[in-house]
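A.B. asks: Top line first, the protein sequences correspond to chains V and C.
Converting from the first sequence to the working numbering requires adding 92 to each position, the first position being numbered 1.
Converting from the second sequence to the working numbering requires adding 92 to each position, the first position being numbered 1.
Ideal Cβ placement from N, Cα and C applies to all residues, glycine included.
2 protein chains.
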Amino acid sequence: MNNLFENISDKNKEKLLKFLEATTLNLPKNYSVLKFITETDIIGIIESGKAQIIKTDYNGNQIIIEDLEEGSIFGNTISLISGDEYDIITKEETKVTIIDYKRLLSLDDTKLNYYNDFIKNLLTIVMKKIKEKNERIEILSKKTIRNRLLEYFHISTQKTGSKIIYLPFSYTELADFLAIDRSAMSREIKNLKNEGFIKTTKGKITLLY
Amino acid sequence: MNNLFENISDKNKEKLLKFLEATTLNLPKNYSVLKFITETDIIGIIESGKAQIIKTDYNGNQIIIEDLEEGSIFGNTISLISGDEYDIITKEETKVTIIDYKRLLSLDDTKLNYYNDFIKNLLTIVMKKIKEKNERIEILSKKTIRNRLLEYFHISTQKTGSKIIYLPFSYTELADFLAIDRSAMSREIKNLKNEGFIKTTKGKITLLY
DNA sequence: TTAAAATTGTTGCAATTGCAACAATGGTAT
DNA sequence: ATACCATTGTTGCAATTGCAACAATTTTAA
């Protein structure tokens, strides 16, 4: 389940969004989503397109907190966007729906059964997000580049059941995700190849162990 | 908000738990919580005591995924406890309530308004958890020990508004949390002190910048 | 098509880190 | 009080890593 509106008909979805006073934004590439939002407590849904949650720390360094795709949700409550340290930047033309979180919680019309479904869907998505965060924490807890890579491989194969890993992003982005220097990662991948642990083809890594 | 039963009376809490066929376990120190659980999809609530979610990786290394205190919730859905890689170990005498997650989602008696409250509380807690995970990811994304410490300090002061940080755990545990070698951390803290950035007293760090 | 931009590969070198080993201190249980 | 265990501090050293700089390749946009 990846869709906030699972089990909710289009008609009911519309009703619900009206109840929640949802607004929809169509944003071009490389735009800040949050610039258009004035409420303090929101949940956003990526209807189409791609975006990233980016944090800029006190030194000006940026890290990608999360990749957002179609169906992804975000929000200050959900994804820690407090103050001006966080922003969400569209990576392509993106359609976003914004709902007011407090309004969502106060809406207590139990006659609306699709409202219950909606909350449950939200819960499921949010829990899945925790799983993903835990996985990343497990990776980042490894002290060497090699072990981060191996942990990443391990998680991938656990998910797909396959020893072939199709990288969902570029090596540059993988290095960011693993929080290691790209060139050092490149060196370590070379080592793993030389030692016969892996084989690489364009955008694909095959485990030989 | 930290309590799953916020705004729910004791009477309704009891009713709800009965509906959910909840079971309560009283476990001594250093016991595996999951050993006593047969269902596959559960949510656990720490009623009293302390525990830790621990992952053992394929090399046998253990990392602490999360500290659980009174009021904390956990579960395979919530906190990624899949297979035998994860376990929850009590750190003292601990009382745990277990509910069936699927039953929770299928329970659709909208007449029970406290059920809605329960779901909303659950949602709020889970979102808070994401915030915490994001914070840890931000810390672990830093490449040097110094920057991990400074990020940790930064987050602490952001939360409390104070330049005095009361460490919630020992230095040994802090090093684990930051995923760095304890002795190397000790060295870096000494450096920060010598350079006049911080001052330390027992269980307390004061920022001088 | 072609120029520009982004991604990838490579390597030397300095800096940081983990590791190991041990001393010192503090806390706890008997 | 004392023996035991956990936490903390310290340091040398080897290994790993980040950084910088540059070449090669691929992708993108005009």
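Alpha carbon to alpha carbon, how far is V:Glu227 from V:Ser248?
C.D. replies: The count along the first sequence starts at 1 and reaches residue 227 of chain V at position 135. The count along the first sequence starts at 1 and reaches residue 248 of chain V at position 156. Approximately 10 Å between the Cα atoms of the pair.
A.B. asks: Quick one: using the 10 Å Cβ neighbour count with 16 as the cut-off for buried, is C:Ala114 buried or exposed?
C.D. replies: Mapped onto the second sequence, residue 114 of chain C falls at position 22. The residue is buried, with at least 16 neighbouring Cβ atoms inside 10 Å.
A.B. asks: State whether the region 267-286 of chain V contacts the region 101-113 of chain C, with contact taken as three or more CB pairs (one from each stretch) at a distance under 8 Å.
C.D. replies: no
A.B. asks: Roughly how many whole angstroms lie between the Cα atoms of C:Glu177 and V:Glu224?
C.D. replies: Within the second sequence, the letter at position 85 stands for residue 177 of chain C. Within the first sequence, the letter at position 132 stands for residue 224 of chain V. Rounded to whole angstroms, C:Glu177 to V:Glu224 spans 16 Å at the Cα level.
A.B. asks: By the criterion of Cβ-Cβ separation under 8 Å, what are the contact partners of C:Ala143 in chain V?
C.D. replies: One-based indexing of the second sequence puts residue 143 of chain C at position 51. Per Cβ cutoff of 8 Å: no residues; C:Ala143 is ~16 Å from chain V at best.
A.B. asks: Going residue by residue through the region 220-245 of chain V, where are the continuous beta strand (DSSP E) segments of at least 3 residues, counting only ones entirely within it?
C.D. replies: none
A.B. asks: Residues of the region 103-121 of chain C in Cβ contact with chain V at a cutoff of 9 Å, in chain order, please.
C.D. replies: none
A.B. asks: Go to V:Leu117, then tell me how far its alpha helix (DSSP H) extends in each direction, as first and last residue.
C.D. replies: Residue numbering aside, residue 117 of chain V sits at position 25 when the first sequence is read from its first letter. Note, V:Leu117: premise wrong, no alpha helix (DSSP H); beta strand (DSSP E) at Thr115 to Leu119.
A.B. asks: Rounding to the nearest angstrom, what Cα-Cα distance links C:Ile229 and C:Phe97 in this structure?
C.D. replies: Taking the first residue of the second sequence as position 1, residue 229 of chain C is located at position 137. Taking the first residue of the second sequence as position 1, residue 97 of chain C is located at position 5. Looking at the backbone, the Cα of C:Ile229 and that of C:Phe97 are separated by about 29 Å.
A.B. asks: Would V:Leu299 and V:Lys255 be called neighbours here (beta carbons separated by less than 7 Å)?
C.D. replies: If you number the first sequence from 1, residue 299 of chain V lands on position 207. If you number the first sequence from 1, residue 255 of chain V lands on position 163. In this structure, V:Lys255 lies closer than 7 Å to V:Leu299 by Cβ.
A.B. asks: Enumerate in chain order the residues of its own chain whose CB-to-CB distance from C:Glu184 is below 7 Å, with the five nearest sequence positions on each side excluded.
C.D. replies: Position 92 of the second sequence, counting from 1, holds the residue named residue 184 of chain C. Only Lys121, Gly141 and Lys142 meet the Cβ criterion.
A.B. asks: Could you tell me the boundaries of the alpha helix (DSSP H) in which C:Ser278 lies?
C.D. replies: If you number the second sequence from 1, residue 278 of chain C lands on position 186. Segment Arg274 to Asn286, the alpha helix (DSSP H) holding C:Ser278.
A.B. asks: So C:Leu259 and C:Leu266 are supposed to be a Cβ contact under 8 Å. How far apart are they, rounded?
C.D. replies: For the purposes of this step, residue 259 of chain C is taken as the residue at position 167 of the second sequence. For the purposes of this step, residue 266 of chain C is taken as the residue at position 174 of the second sequence. The Cβ separation is near 6 Å, so the contact holds.
A.B. asks: Are the beta-carbon atoms of C:Leu303 and C:Ile138 separated by less than 7 Å?
C.D. replies: The requested residue 303 of chain C does not occur in the structure, where chain C is confined to residues 93 to 301.
A.B. asks: The alpha helix (DSSP H) spanning V:Ala267 covers which residue range?
C.D. replies: Looking up residue 267 of chain V in the first sequence gives position 175. Element bounds for V:Ala267: Tyr263 to Phe269.
A.B. asks: Can you tell me where the alpha helix (DSSP H) with C:Glu131 in it begins and where it stops?
C.D. replies: Taking the first residue of the second sequence as 1, we reach residue 131 of chain C at position 39. No alpha helix (DSSP H) holds C:Glu131; DSSP gives it neither H nor E.
A.B. asks: How many angstroms separate the CA atom of V:Asp192 from the CA atom of V:Thr132?
C.D. replies: For this step, residue 192 of chain V is matched to residue 100 along the first sequence. For this step, residue 132 of chain V is matched to residue 40 along the first sequence. Approximately 8 Å, taken between the alpha carbons.
A.B. asks: Using CA coordinates, which residue listed in V:Leu126, V:Asn213 and V:Ile146 is at the minimum distance from V:Asn95?
C.D. replies: Looking up residue 95 of chain V in the first sequence gives position 3. Here the closest residue by C-alpha is V:Asn213.
A.B. asks: At a Cβ threshold of 7 Å, is C:Ser233 touching chain V?
C.D. replies: Within the second sequence, numbered from 1, the residue matching residue 233 of chain C stands at position 141. Judged by the 7 Å Cβ criterion, C:Ser233 is in contact with chain V.
A.B. asks: At what residues does the beta strand (DSSP E) containing C:Glu158 begin and finish?
C.D. replies: The count along the second sequence starts at 1 and reaches residue 158 of chain C at position 66. Segment Gln154 to Leu160, the beta strand (DSSP E) holding C:Glu158.
A.B. asks: Are C:Ile181 and C:Gln144 closer than 7 Å when you measure CB to CB?
C.D. replies: In the second sequence, counting from the first residue as 1, residue 181 of chain C sits at position 89. In the second sequence, counting from the first residue as 1, residue 144 of chain C sits at position 52. Yes, these two residues count as a Cβ contact at 7 Å.
A.B. asks: Kindly indicate which residue of V:Gly288, V:Asp268, V:Asn153 and V:Asn205 has the alpha-carbon position closest to the one of C:Ser198.
C.D. replies: Mapped onto the second sequence, residue 198 of chain C falls at position 106. Comparing Cα-Cα distances from C:Ser198 to each of V:Gly288, V:Asp268, V:Asn153 and V:Asn205, the minimum goes to V:Asn205.
A.B. asks: Of the choices C:Thr130, C:Phe166, C:Gly253 and C:Gln154, whose alpha-carbon is the least far from that of C:Gly136?
C.D. replies: As a working note, residue 136 of chain C is residue 44 in the second sequence. That would be C:Phe166, whose Cα lies nearest to the Cα of C:Gly136.
A.B. asks: In chain C, which residues lie with their C-beta within 8 Å of the C-beta of V:Ile157?
C.D. replies: For the purposes of this step, residue 157 of chain V is taken as the residue at position 65 of the first sequence. Per Cβ cutoff of 8 Å: Asn226, Ile229 and Glu230.
A.B. asks: Return the first residue and the last residue of the beta strand (DSSP E) that V:Leu299 is part of.
C.D. replies: Here the question's residue 299 of chain V lines up with position 207 in the first sequence. Counting along the chain, the beta strand (DSSP E) containing V:Leu299 begins and ends at Lys296 to Leu299.
A.B. asks: Any beta carbon from chain V within less than 7 Å of C:Ile222's own beta carbon?
C.D. replies: Walking along the second sequence from the start, residue 222 of chain C turns up at place 130. Cβ-Cβ to chain V under 7 Å: yes for C:Ile222.
A.B. asks: Please classify V:Asp273 as buried or exposed, where buried requires at least 16 neighbouring CB atoms within 10 angstroms.
C.D. replies: What you label residue 273 of chain V is simply residue 181 of the first sequence in a count that begins at 1. The residue is exposed, with fewer than 16 neighbouring Cβ atoms inside 10 Å.
A.B. asks: Could you tell me which of V:Leu232, V:Asn99 and V:Asp102 sits nearest to V:Ile157, measuring between CA atoms?
C.D. replies: The count along the first sequence starts at 1 and reaches residue 157 of chain V at position 65. That would be V:Leu232, whose Cα lies nearest to the Cα of V:Ile157.
A.B. asks: Just how far apart, CA to CA, sit C:Asp149 and C:Lys127?
C.D. replies: Reading the second sequence from its first residue, position 57 is the one you call residue 149 of chain C. Reading the second sequence from its first residue, position 35 is the one you call residue 127 of chain C. Between C:Asp149 and C:Lys127, the C-alpha separation is close to 18 Å.
A.B. asks: How would you label V:Thr186, buried or exposed, when you count the other beta carbons within 10 angstroms and need 16 or more for buried?
C.D. replies: Position 94 of the first sequence, counted from the first residue, corresponds to residue 186 of chain V. The C-beta of V:Thr186 has 16 or more other C-beta atoms within 10 Å across all chains shown, which makes the residue buried.
A.B. asks: Mapping the DSSP letters down to three states, classify C:Ile100 as helix, strand or coil.
C.D. replies: Translated into the one-based positions of the second sequence, residue 100 of chain C becomes position 8. Three-state result, C:Ile100: coil.
A.B. asks: Look at the alpha carbon of C:Lys220 and the alpha carbon of V:Gly288, and state the distance between them as a whole number of angstroms.
C.D. replies: Within the second sequence, residue 220 of chain C is the residue found at index 128, counting from 1. Within the first sequence, residue 288 of chain V is the residue found at index 196, counting from 1. Each residue's alpha carbon lies about 43 Å from the other.
A.B. asks: Is C:Phe289 helix, strand or coil by DSSP?
C.D. replies: As a working note, residue 289 of chain C is residue 197 in the second sequence. Three-state result, C:Phe289: coil.
A.B. asks: Could you please give the first and the last residue of the uninterrupted alpha helix (DSSP H) stretch that includes V:Lys194?
C.D. replies: The residue you call residue 194 of chain V lines up with position 102 of the first sequence. Note, V:Lys194: alpha helix (DSSP H), Tyr193 to Ser198.
A.B. asks: Figure out for me which residue from C:Ile297, C:Gly295, C:Met277 and C:Asp102 has the closest Cα to the Cα of C:Thr236.
C.D. replies: Reading the second sequence from its first residue, position 144 is the one you call residue 236 of chain C. Checking every option, the nearest Cα to that of C:Thr236 belongs to C:Met277.
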